[in-house]
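First up is the structure itself, then whatever we jot down about it.
There are 2 protein chains.
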Amino acid sequence: MQMSPMVTAPRPYVPTATMRTPAPEAIRLIGVTVHLSRDQEVFGEGEPADQVFKVVRGAVRCFRVLSDGRRQICDFYLPGDVFGIEPGQDRRTTAEALTDTVLVAARRSTVVEDEDSGTARRLWALAMADLQRSQDHALTLGRRSANERVASFLVDMAARLGDVDNLELPMTRQDIADYLGLTIETVSRTLTHLQVSGLIKLAGCRSIHLRKPRALAELCA
Amino acid sequence: MQMSPMVTAPRPYVPTATMRTPAPEAIRLIGVTVHLSRDQEVFGEGEPADQVFKVVRGAVRCFRVLSDGRRQICDFYLPGDVFGIEPGQDRRTTAEALTDTVLVAARRSTVVEDEDSGTARRLWALAMADLQRSQDHALTLGRRSANERVASFLVDMAARLGDVDNLELPMTRQDIADYLGLTIETVSRTLTHLQVSGLIKLAGCRSIHLRKPRALAELCA
DNA sequence: CGTCCGTTTGATACATTTCAATAACGGTGG
DNA sequence: CCACCGTTATTGAAATGTATCAAACGGACG
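Chains as they are written, first to last, in this note's numbering: chain D, 1 to 221; chain C, 1 to 221.
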């Protein structure tokens, strides 16, 4: 549960165009470019949700914490992903940079009210993608074993990072644990177990090679 | 994991107006009224998602299942709730009636494309409510103990059923277990434990009286 | 070269599951 | 109305997976 330093204040709406096009779903965001270093907060729970963000480089975690500090990471956001769309007026999660990260920040209203351009429709798609991922996540947290959780995490990350077999994870073991509802020790043990089984190869703790992606996917049940 | 019988086929778009107004968020749905009996399927995973539903009476569970039959209930829907809004074209969950249930079924397009009436905005609100609940659910599944899960379930249900202290649950212990990521035995044990602690009073397994709602809420952490 | 932070590994504790048996409930038919 | 049956819920004892506590390891960096 790391506490978050200050943000490199994203002043709203200095028109600095930026765009990326990794997927057909890709959304073009017009806004300020923001640079964050490791563990810096993008926004905090309870703050007004007036902006949405797109990851250009690096990665972000969104999470909630219980009163006693237990943390649940809702999702990670990788380059190309848009995050920060909220159900209501206020932030329900805290967002922090996993590593040195570059974002584009756009006014929420800019995106939402622009109905004719089809941006609102894309925003809907993005929000629905969050919902879909959250429901998948609930299935994992509620019904999968530690082995299955770690395996599905690896498979999911591989797909999101561009269907590669060589993962360069932007997050620590603690982040993975807090995403999967496990402890750091269990994550570590499970990874070494997967390595011993020949399914993966660990090369430095941020770098994981998927030897048998097929078998790994089957492990997810 | 009960298998689902046939639906009382909801023929689309026989204009039978129905409405209820439990919350300010309430949405008016124009469509057919559908009657379902216990365990009947409303829709199944993989089917095209061309309708949305509103619960008039009874209750509904939406769930996903792993290949080996493990089931995770994503959410319960109670009178006044709208469900069946999907991220994509197809159903990602299966929906079944918990008890004898009455629904209103409306064409999805009816609701989505009616932009000017503000219905699209309400649909957004509903979808976002699902997202919010799903994220809360993930926090519960990932980071709360069995005690905390059951307590928060009771508190949540009390709030949704109209902030009452006397719950008439429409679901079985198995449903609760599959919602909370526990076994039926653990749910049962936890409830009797809560009863022994004086926090609740069980009166027939569907009926639960909350003796100390405050203490119960604090138990959720 | 030593320190620091994150990770791995080990031994033990514990919460929850699993397996098994009993009890309570709800519906049905006599 | 009561007895019976199948289903659902409760309770118990043992097994197990994951957490907890504790120590050693490793790489990054000054």
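By construction, the Cβ of each residue, glycine as well, lies at the ideal position given by its N, Cα and C atoms. Predicted, not measured: the structure shown is a model, and the values here were computed from it.
Candidates D/V42, D/S67 and D/Q51, of which the one nearest C/A221 by Cα:
Stepping through the second sequence from its first residue, residue 221 of chain C is reached at position 221. Measuring from the Cα of C/A221, the nearest candidate turns out to be D/S67.
Within 10 Å of its beta-carbon, does C/A159 have 16 or more other beta-carbons around it, so buried, or fewer, so exposed?
Against the second sequence, residue 159 of chain C aligns to sequence position 159. By the neighbour-count rule (16 or more Cβ atoms within 10 Å), C/A159 is not buried but exposed.
Let me confirm a value: D/Q51 is counted as buried when at least 16 other C-beta atoms fall within 10 Å, else exposed. Which label applies?
Position 51 of the first sequence holds residue 51 of chain D. Around the C-beta of D/Q51, 16 or more other C-beta atoms lie within 10 Å, and the residue is accordingly described as buried.
May I ask you to report which of helix, strand or coil DSSP gives C/D165?
Your numbering for residue 165 of chain C matches position 165 in the second sequence. For C/D165, the three-state secondary structure derived from DSSP is coil.
Tell me whether the segment 89-100 of chain C and the segment 25-42 of chain C touch, counting them as touching only if at least three CB pairs, one residue from each stretch, are closer than 8 angstroms.
Under the 8 angstroms Cβ criterion, the segment 89-100 of chain C counts as touching the segment 25-42 of chain C, having at least three qualifying pairs.
Bounding residues of the beta strand (DSSP E) (the contiguous stretch that carries C/R71):
For the purposes of this step, residue 71 of chain C is taken as the residue at position 71 of the second sequence. Per DSSP, the continuous beta strand (DSSP E) segment holding C/R71 begins and ends at R71 to Y77.
Taking only the alpha-carbon atoms, compute the straight-line gap between C/T99 and D/R107 and give it to the nearest angstrom.
By 1-based counting over the second sequence, the position of residue 99 of chain C is 99. By 1-based counting over the first sequence, the position of residue 107 of chain D is 107. Taking the straight line joining both Cα atoms gives about 45 angstroms.
Neighbour list for D/Q135 in chain C, Cβ cutoff strictly below 8 angstroms:
Taking the first sequence and counting its residues from 1, the one referred to as residue 135 of chain D is at position 135. Within 8 angstroms Cβ-Cβ: R64, C74, R92, T93 and S134.
With three or more C-beta pairs closer than 8 angstroms as the rule, is the segment 137-150 of chain C touching the segment 167-181 of chain D?
Contact between the segment 167-181 of chain D and the segment 137-150 of chain C is present: 3 or more CB-CB pairs across the two stretches fall below 8 angstroms.
When we look at the beta-carbon of D/Q72 and count the other beta-carbons within 10 Å, is it buried (16 or more) or exposed?
Counted from its first residue, the first sequence places residue 72 of chain D at position 72. In the assembly as shown, D/Q72 is a buried residue. Its beta-carbon has 16 or more other beta-carbons within 10 Å.
With distances taken Cα to Cα, identify the nearest neighbour of D/V150 among D/L182, D/A138, D/G162 and D/F83.
Indexing the first sequence from 1 puts residue 150 of chain D at position 150. Nearest of D/L182, D/A138, D/G162 and D/F83 to D/V150, Cα basis: D/L182.
Which residues of chain C have a Cβ atom closer than 8 angstroms to the Cβ of D/P48, listed in chain order?
Walking along the first sequence from the start, residue 48 of chain D turns up at place 48. Chain C residues near D/P48: none, gap ~16 angstroms exceeds 8 angstroms.
Tell me the rounded alpha-carbon separation between D/L210 and C/F63.
For the purposes of this step, residue 210 of chain D is taken as the residue at position 210 of the first sequence. For the purposes of this step, residue 63 of chain C is taken as the residue at position 63 of the second sequence. About 31 angstroms.
Quick one: Cα of D/K212 to Cα of D/I200, how far?
Residue numbering aside, residue 212 of chain D sits at position 212 when the first sequence is read from its first letter. Residue numbering aside, residue 200 of chain D sits at position 200 when the first sequence is read from its first letter. One C-alpha to the other measures close to 7 angstroms.
Closest Cα partner of C/G46 within the set C/L154, C/G88 and C/S37:
Position 46 of the second sequence holds residue 46 of chain C. Distances from the alpha-carbon of C/G46 to those of C/L154, C/G88 and C/S37 put C/G88 closest.
Start-to-end residues for the beta strand (DSSP E) that takes in D/S207:
For the purposes of this step, residue 207 of chain D is identified with residue 207 of the first sequence, where counting begins at 1. Element bounds for D/S207: S207 to L210.
Chain C beta carbons: is any one of them nearer than 8 angstroms to that of D/L154?
The residue you call residue 154 of chain D lines up with position 154 of the first sequence. Closer than 8 angstroms: no.
Any chain C beta carbon closer than 8 angstroms to D/P87:
Position 87 of the first sequence, counted from the first residue, corresponds to residue 87 of chain D. Chain C, which has a Cβ nearer than 8 angstroms to the Cβ of D/P87, makes this yes.
Would you kindly check if the distance between the Cβ of C/E86 and the Cβ of C/A59 is under 8 angstroms?
The sequence position of residue 59 of chain C within the second sequence is 59, counting from 1. The sequence position of residue 86 of chain C within the second sequence is 86, counting from 1. Taking 8 angstroms as the Cβ cut-off, C/A59 and C/E86 do not qualify as a contacting pair.
Residue range of the beta strand (DSSP E) that includes C/R91
Numbered from 1 along the second sequence, position 91 holds the residue referred to as residue 91 of chain C. For C/R91, there is no enclosing beta strand (DSSP E), since its DSSP letter is neither H nor E.
Can you check whether the C-beta of D/L216 is within less than 8 angstroms of a C-beta belonging to chain C?
As a working note, residue 216 of chain D is residue 216 in the first sequence. Not closer than 8 angstroms to any Cβ of chain C, the Cβ of D/L216 fails to qualify, so no.
Which class does C/P48 belong to by DSSP, given the choice of helix, strand or coil?
As a position in the second sequence, residue 48 of chain C is number 48, starting the count at 1. Look at C/P48 here: in three-state DSSP terms it is strand.
Straight-line Cα distance separating D/S188 from D/Q174:
What you label residue 174 of chain D is simply residue 174 of the first sequence in a count that begins at 1. What you label residue 188 of chain D is simply residue 188 of the first sequence in a count that begins at 1. One C-alpha to the other measures close to 10 angstroms.
Contact check, C/L126 vs D/S134, beta carbons under 8 angstroms:
Position 126 of the second sequence holds residue 126 of chain C. Position 134 of the first sequence holds residue 134 of chain D. Not a contact, by the Cβ cut-off of 8 angstroms.
May I ask which residues mark the beginning and end of the beta strand (DSSP E) holding C/L202?
For the purposes of this step, residue 202 of chain C is taken as residue 202 along the second sequence, with counting starting at 1. Where C/L202 is concerned, the enclosing beta strand (DSSP E) stretches over I200 to L202.
Determine whether the Cβ of D/M128 lies closer than 8 angstroms to any Cβ atom of chain C.
Here residue 128 of chain D refers to the residue found at position 128 of the first sequence. Closer than 8 angstroms: yes.
Just to confirm the assignment, what range does the beta strand (DSSP E) spanning C/L36 have?
Position 36 of the second sequence, counting from 1, holds the residue named residue 36 of chain C. Here the beta strand (DSSP E) through C/L36 covers V32 to L36.
So is C/E185 buried or exposed if we call it buried at 16+ other beta carbons inside 10 Å?
As a working note, residue 185 of chain C is residue 185 in the second sequence. Per the 10 Å Cβ criterion, exposed.
On the three-state DSSP scale, how would you describe C/A59?
Within the second sequence, residue 59 of chain C is the residue found at index 59, counting from 1. C/A59 carries a coil assignment under DSSP once its states are collapsed to helix, strand and coil.
Note down the Cα distance separating D/V104 from C/V104, rounded to an integer number of angstroms.
Looking up residue 104 of chain D in the first sequence gives position 104. Looking up residue 104 of chain C in the second sequence gives position 104. Looking at the backbone, the Cα of D/V104 and that of C/V104 are separated by about 42 angstroms.
So which residues of chain D does C/R70 contact, with C-beta pairs closer than 7 angstroms?
One-based indexing of the second sequence puts residue 70 of chain C at position 70. Within chain D, the residues near C/R70 are R143.
Assigned exposure category for D/G204 - 16 Cβ within 10 Å defines buried
Within the first sequence, residue 204 of chain D is the residue found at index 204, counting from 1. Taking all protein chains shown into account, D/G204 has fewer than 16 neighbouring C-beta atoms within 10 Å of its C-beta and is therefore exposed.
Just the chain C side, please: which residues come within less than 7 angstroms of D/L131 by C-beta, in chain order?
Sequence index remark: in the first sequence, residue 131 of chain D carries index 131 (1-based). Simply P87, A127, D130, L131 and S134.
Who are the neighbours of D/G181 on chain C, taking C-beta pairs under 7 angstroms?
Numbered from 1 along the first sequence, position 181 holds the residue referred to as residue 181 of chain D. Under a criterion of Cβ atoms nearer than 7 angstroms, the residues of chain C adjacent to D/G181 are, in order, L141, G142 and R143.
Going residue by residue through the segment 111-156 of chain C, where are the continuous alpha helix (DSSP H) segments of at least 4 residues, counting only ones entirely within it?
Correct list: 119-143.
Beta-carbon separation of C/C74 and D/A146 under 8 angstroms?
On the second sequence, residue 74 of chain C is found 74 positions in, with the first residue counted as 1. On the first sequence, residue 146 of chain D is found 146 positions in, with the first residue counted as 1. Their beta carbons are not under 8 angstroms apart, which means C/C74 does not touch D/A146 by this criterion.
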